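**Q**
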Amino acid sequence: MMKHFSLRQNTPIVVRLCASLVLGCAMFSPLAFAEEPRRDTKIDVATEGLPKKVTFKAKDLYQHAKFLASDECEGRLPGTPGVEKARKYIEKQLKNAGFDEIKRLPFEFISDVKLGKSNTLAAHYDQSIKTDSAWYRKPNGTTANYKIDDDFRPSRISKVDEIKDAPLVFAGYGISAPDKGYDDYANLDVKDKVVLVIRGEPETADGKRIGKDKPDPHAAPSVYANFSYKAATARDKGAKAVVFVNGKRGISAAERAQLESFERGGGRSDSGIVFLQVFPEIADDWLRSGGKTIETLQKAIDEKLAPQSFSVNGVKVSAKVEIERVNTNDVNLAVVIPGSDPVLKNEIVVIGAHYDHLGRGNEFSLADKGDMGKIHYGADDNASGTASVLEVAEALYKNRAALKRTVWIMFFGAEEMGTIGSNHFVRTPPEGFAIPQVAAMLNLDMVGRCREKKVMVYGVATGTTFEETLKGANESLKLNITTTADGFGGSDQTAFVAAGVPVLFFFTGSHFDYHKPSDTADKLNVDDQAIVTALVYSTAARIINAPARPQFVKVEAPKTTGFGGIVLSVLPDYSFEGKGLRLSGVRDKGPADKAGLKGGDIITKLDGKNIENIQDYMNALRQLVAGVETSVSFTRDGKPMETKITPEKR
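In this text, residue positions in the sequence shown follow our numbering: the first is 74, and each later residue adds one.
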């Protein structure tokens, strides 16, 4: 299950709403067994209209998950040998079940960011400035050439560009919030210049911050501490580059002596500006002509929350950033069971799960720092859903001659990277598939940690017959089902419901092992998962053979908290790699819907702030005020448009 946003302090927002938030903060409690799980449960299912009884076995589900969540598959990161091994395993199981043709549906996306070989940084000093600095790397004449990793490092969100002899300015924390009584950029000309800023945000000794009436030293970092906010603010002010540096407050000497790791996630889209980090000693050397240091400037700003910005005379900066954004080929897998009814065979029921995970950890990992680099096994997320769909596929194939509608059984790739596989599939469907033909989509994500026979099913109100169908499917199984009307959320069904397809999303709850190396196969409750799998099968069979397809119902946006408490009720298209924020859809009767926005629109400006990527959008969203109308600019079919939108607080 994809995680929408990472809110680690001072790191770029990685675009995504936390799955637990989207799904109603579902049960973060670990599943523990007093003794070794049985894994011997067998569930027999006989469905009216289908001649063959089928059996779902816990041991079969476990064997699937055990391989998919093994060392051999290495966390199933898209574009790696590990995920290819998982694909081949899925294909082998489908062939064993009787499927002759397995469709490999490839797609491409930016999967990684790598540091190039030609990254340089230099400072050029005016002849009148003394060069006998106490700094450990003394300038050579009037030029100081710096070494990557020893002295500086580009950020993953940096633009690939070259800058020559750009004047230097110091802009405090790089914050422009005049409405909050603070602006590091006030009366500061930064056009075509390099902006030096301090990491984090101002804070007085008692914990008072910008825009906060009461001091709170324990408050989470605000938008102003975010890297992408600092980059976008400087970019929109006309700067050529941002150089950030660690201050002294709130950071240990050991941390201050380190540069931000380039290996951490994010950066698949750049910030539109060169973005670098230098050690404090280098920044102090740049500032020495004015008798300033980062430490003294930070103290002065923090004391009264008052900017200390100025142009740094006699220093010009040159830089070259080379970053490779790596394209990866990934694959959606599909098998098709043609319908037997001469009319209903033209309608499609989709049953799917994603089979990828986080490899050895990326920006969506929730692992402790010491666990980064370890295999994130993803047994529940989503080897469990993949295992159940494999078993449902085999069961449906046994009754293939009696299935009236056509069934597409899907294994989606790159879900964890932003539901990229399912979005690509919906936008560019293969031959023989059309969205208007889809009667329903059933998605399984994290169905392996069932507790007390509880299962959550989302999207029940999106199809007119779903509630009754679920009730009938569960009559003999006796699962404790909790339903939610809305079908949107952090998994592959979102692309379908945004396209007007009724969806059902099966989920057994989150847990402490979510997106960590500890999500291992031994913790799966496959005995109860067998019952959940039977529920999915029985529900799907009823929809496949029902006399009439469920009619799609637009469900009003749920009363859930949005990012920072503010919502526009849009559905970002995380696979979009152009400038702006493309929408895959909007929620019914939400602010965006009321403003006339719709799927396919590309937001280019919000509240006067340029939107070049999803990070820009999230930062702009965090600064909006509920109930206060603002402007939004967007393009629709290439035509620039603008409207007013009123954000809401949920």
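Note that beta-carbon positions come from the ideal geometry of N, C-alpha and C, so glycine has one too.
On a predicted model such as this, the values are computed, not experimentally measured, just so you know.
#1: Closest to Asp441 by C-alpha separation, out of Asp586, Val659, Pro294 and Met691, would be which residue?
#2: Rounded to whole angstroms, what is the Cα-Cα separation between Gln381 and Val242?
#3: Whole angstroms are fine: how far does the CA of Thr567 sit from the CA of His197?
#4: Taking Cβ to Cβ, would you say Gly247 is nearer than 9 Å to Ala307?
#5: How would you label Pro216, buried or exposed, when you count the other beta carbons within 10 angstroms and need 16 or more for buried?
#6: What residue does the beta strand (DSSP E) around Val530 start on, and which one ends it?
#7: Quick check: what's the CA-CA separation for Gly562 versus Phe140?
#8: Name the two residues that bound the continuous beta strand (DSSP E) containing Tyr219.
#9: Who pairs with Lys722 in a beta bridge, going by DSSP?
#10: Measure the C-alpha to C-alpha separation of Lys682 and Lys264 and round it to an integer number of angstroms.
#11: Nearest-angstrom Cα distance between Lys285 and Ser249?
#12: In whole angstroms, what separates the C-alpha of Leu431 from that of Gly338?
#13: Can you give me the C-alpha to C-alpha distance between Lys220 and Thr369, rounded to a whole angstrom?
#14: Which residue comes first and which comes last in the alpha helix (DSSP H) that contains Lys667?
#15: Cutting at 6 Å between CB atoms, please list the residues of its own chain near Trp208, excluding the five before and the five after it.
#16: With distances taken between CB atoms, is the gap from Glu702 to Ile676 smaller than 9 Å?
#17: So, for Leu439: in the same chain, excluding its five sequence neighbours on each side, which residues have a beta-carbon less than 8 Å away from its beta-carbon?
#18: By how many angstroms is the C-alpha of Asn547 removed from the C-alpha of Lys527?
#19: In the DSSP assignment, what residue or residues form a beta bridge with His588?
#20: What are the start and end residues of each continuous alpha helix (DSSP H) run of 4 or more residues lying completely inside the stretch 297 to 342, in chain order?
#21: When you compare only the Cα positions, how much space is there between Val268 and Phe352?
#22: How about Tyr450 and Ala142: do their beta carbons lie closer than 9 Å?
#23: Whose C-alpha, out of Met514, Ala474, Asp133 and Ser706, is nearest the C-alpha of Ile410?
#24: Can you list, in chain order, the residues of its chain whose CB lies under 6 Å from that of Gly521, leaving out five sequence neighbours each side?
#25: Between Ala239 and chain B, is any beta-carbon pair separated by less than 9 Å?
#26: Which of the three DSSP states, helix, strand or coil, is assigned to Ser384?
#27: Do you know whose CA, among Gly560, Ala613, Arg177 and Ile493, lies nearest Glu541's CA?
#28: If we count the other Cβ atoms within 10 Å of its Cβ and call it buried at 16 or more, is Ser184 buried or exposed?
#29: Excluding the 5 residues flanking Gly711 on each side, which residues of the same chain have their C-beta closer than 8 Å to its C-beta?
#30: Would you call Pro720 buried or exposed, if buried means 16 or more other Cβ atoms sit within 10 Å of its Cβ?
#31: Nearest to Glu420 by alpha carbon, out of Val270, Met514 and Asp661?
#32: Go through its chain and collect everything with a Cβ distance to Ala305's Cβ below 6 Å, but skip five positions before and after it.
#33: Anyone know if the C-beta pair for Val423 and Met519 falls short of 9 Å?
#34: Look at the alpha carbon of Glu464 and the alpha carbon of Leu134, and state the distance between them as a whole number of angstroms.
#35: For the structure I just gave you, are there three or more beta carbon pairs, one from the stretch 382 to 397 and one from the stretch 170 to 187, closer than 8 Å?
#36: Using only the alpha-carbon positions, how far apart do Asn553 and Glu525 sit?
**A** Concretely, from the data shown:
#1: For this step, residue 441 is matched to residue 368 along the sequence shown. The option with the nearest alpha carbon to Asp441 is Asp586.
#2: The residue labelled residue 381 in the question sits at position 308 within the sequence shown. The residue labelled residue 242 in the question sits at position 169 within the sequence shown. Rounded to whole angstroms, Gln381 to Val242 spans 11 Å at the Cα level.
#3: Within the sequence shown, residue 197 is the residue found at index 124, counting from 1. Within the sequence shown, residue 567 is the residue found at index 494, counting from 1. Roughly 52 Å between the two C-alpha positions.
#4: Within the sequence shown, numbered from 1, the residue matching residue 247 stands at position 174. Within the sequence shown, numbered from 1, the residue matching residue 307 stands at position 234. A distance below 9 Å separates the beta carbons of Gly247 and Ala307.
#5: Along the sequence shown, read from residue 1 onward, the residue named residue 216 stands at position 143. Before going further, note that residue 216 is Thr rather than Pro in the sequence given. An exposed status is given to Thr216, since fewer than 16 other beta-carbon atoms sit within 10 Å of its beta-carbon.
#6: On the sequence shown, position 457 is the one that residue 530 refers to. The continuous beta strand (DSSP E) containing Val530 extends over residues Lys527 to Tyr531.
#7: Taking the sequence shown and counting its residues from 1, one reaches residue 562 at position 489. Taking the sequence shown and counting its residues from 1, one reaches residue 140 at position 67. If I take the Cα positions, the gap works out to 28 Å.
#8: By one-based count along the sequence shown, residue 219 stands at place 146. It spans Thr216 to Tyr219 - the beta strand (DSSP E) in which Tyr219 sits, taken as one unbroken run.
#9: As a position in the sequence shown, residue 722 is number 649, starting the count at 1. Under DSSP, Lys722 forms a beta bridge with Ile639.
#10: Counted from its first residue, the sequence shown places residue 682 at position 609. Counted from its first residue, the sequence shown places residue 264 at position 191. One C-alpha to the other measures close to 17 Å.
#11: Mapped onto the sequence shown, residue 285 falls at position 212. Mapped onto the sequence shown, residue 249 falls at position 176. Cα-Cα distance, rounded: 15 Å.
#12: As a working mapping, residue 431 is identified with position 358 in the sequence shown. As a working mapping, residue 338 is identified with position 265 in the sequence shown. Roughly 11 Å between the two C-alpha positions.
#13: One-based indexing of the sequence shown puts residue 220 at position 147. One-based indexing of the sequence shown puts residue 369 at position 296. Those two C-alpha atoms are separated by around 26 Å.
#14: Here residue 667 refers to the residue found at position 594 when the sequence shown is read from its first residue. Element bounds for Lys667: Pro664 to Ala668.
#15: Start at 1 with the first residue of the sequence shown, and residue 208 comes out as number 135. For Trp208, the predicted structure reports a pLDDT of 48, less than 50, and the residue's modelled location is therefore unreliable. A value from the coordinates is still provided. For Trp208, where only same-chain residues beyond five positions count, the Cβ hits under 6 Å are Glu354 and Asp358.
#16: Working through the sequence shown from its first residue, we reach residue 702 at position 629. Working through the sequence shown from its first residue, we reach residue 676 at position 603. The beta carbons of Glu702 and Ile676 sit no closer together than 9 Å.
#17: In the sequence shown, the residue the question calls residue 439 occupies position 366. Answer for Leu439: Lys76, Tyr587, His588 and Lys589, listed in chain order.
#18: Position 454 of the sequence shown holds residue 527. Position 474 of the sequence shown holds residue 547. Spanning the two alpha carbons is a distance of roughly 12 Å.
#19: Here residue 588 corresponds to residue number 515 of the sequence shown, with the count starting at 1. In DSSP, His588 forms no bridge with anything.
#20: For the stretch 297 to 342, whole alpha helix (DSSP H) runs of length 4 or above, ordered along the chain, are 300 to 309 and 326 to 329.
#21: Taking the sequence shown and counting its residues from 1, the one referred to as residue 268 is at position 195. Taking the sequence shown and counting its residues from 1, the one referred to as residue 352 is at position 279. Val268 and Phe352 have their alpha carbons spaced roughly 15 Å apart.
#22: Indexing the sequence shown from 1 puts residue 450 at position 377. Indexing the sequence shown from 1 puts residue 142 at position 69. Using a Cβ distance threshold of 9 Å, Tyr450 and Ala142 count as a contacting pair.
#23: Here residue 410 refers to the residue found at position 337 of the sequence shown. Nearest C-alpha to Ile410: Ala474.
#24: Taking the sequence shown and counting its residues from 1, one reaches residue 521 at position 448. Cβ within range, chain order: Asp453, Ser457, Leu597 and Gln602.
#25: No chain B appears in this structure, which consists of one protein chain only.
#26: Along the sequence shown, read from residue 1 onward, the residue named residue 384 stands at position 311. Strand.
#27: For the purposes of this step, residue 541 is taken as the residue at position 468 of the sequence shown. Of the candidates Gly560, Ala613, Arg177 and Ile493, the one whose C-alpha sits nearest the C-alpha of Glu541 is Ala613.
#28: Walking along the sequence shown from the start, residue 184 turns up at place 111. Burial call: buried.
#29: Locating residue 711 in the sequence shown gives position 638, counting from the first residue. Cβ within range, chain order: n/a, list empty.
#30: If you number the sequence shown from 1, residue 720 lands on position 647. Counting Cβ neighbours within 10 Å, Pro720 comes out buried, since at least 16 surround it.
#31: Numbered from 1 along the sequence shown, position 347 holds the residue referred to as residue 420. The closest CA to that of Glu420, considering only Val270, Met514 and Asp661, is found on Met514.
#32: Here residue 305 refers to the residue found at position 232 when the sequence shown is read from its first residue. Answer for Ala305: Asp689, listed in chain order.
#33: In the sequence shown, counting from the first residue as 1, residue 423 sits at position 350. In the sequence shown, counting from the first residue as 1, residue 519 sits at position 446. Between Val423 and Met519, the CB-CB gap reaches or exceeds 9 Å.
#34: By one-based count along the sequence shown, residue 464 stands at place 391. By one-based count along the sequence shown, residue 134 stands at place 61. Rounded to whole angstroms, Glu464 to Leu134 spans 8 Å at the Cα level.
#35: They touch, by the three-pair rule.
#36: The sequence position of residue 553 within the sequence shown is 480, counting from 1. The sequence position of residue 525 within the sequence shown is 452, counting from 1. Our two residues, Asn553 and Glu525, have alpha carbons roughly 8 Å apart in a direct line.
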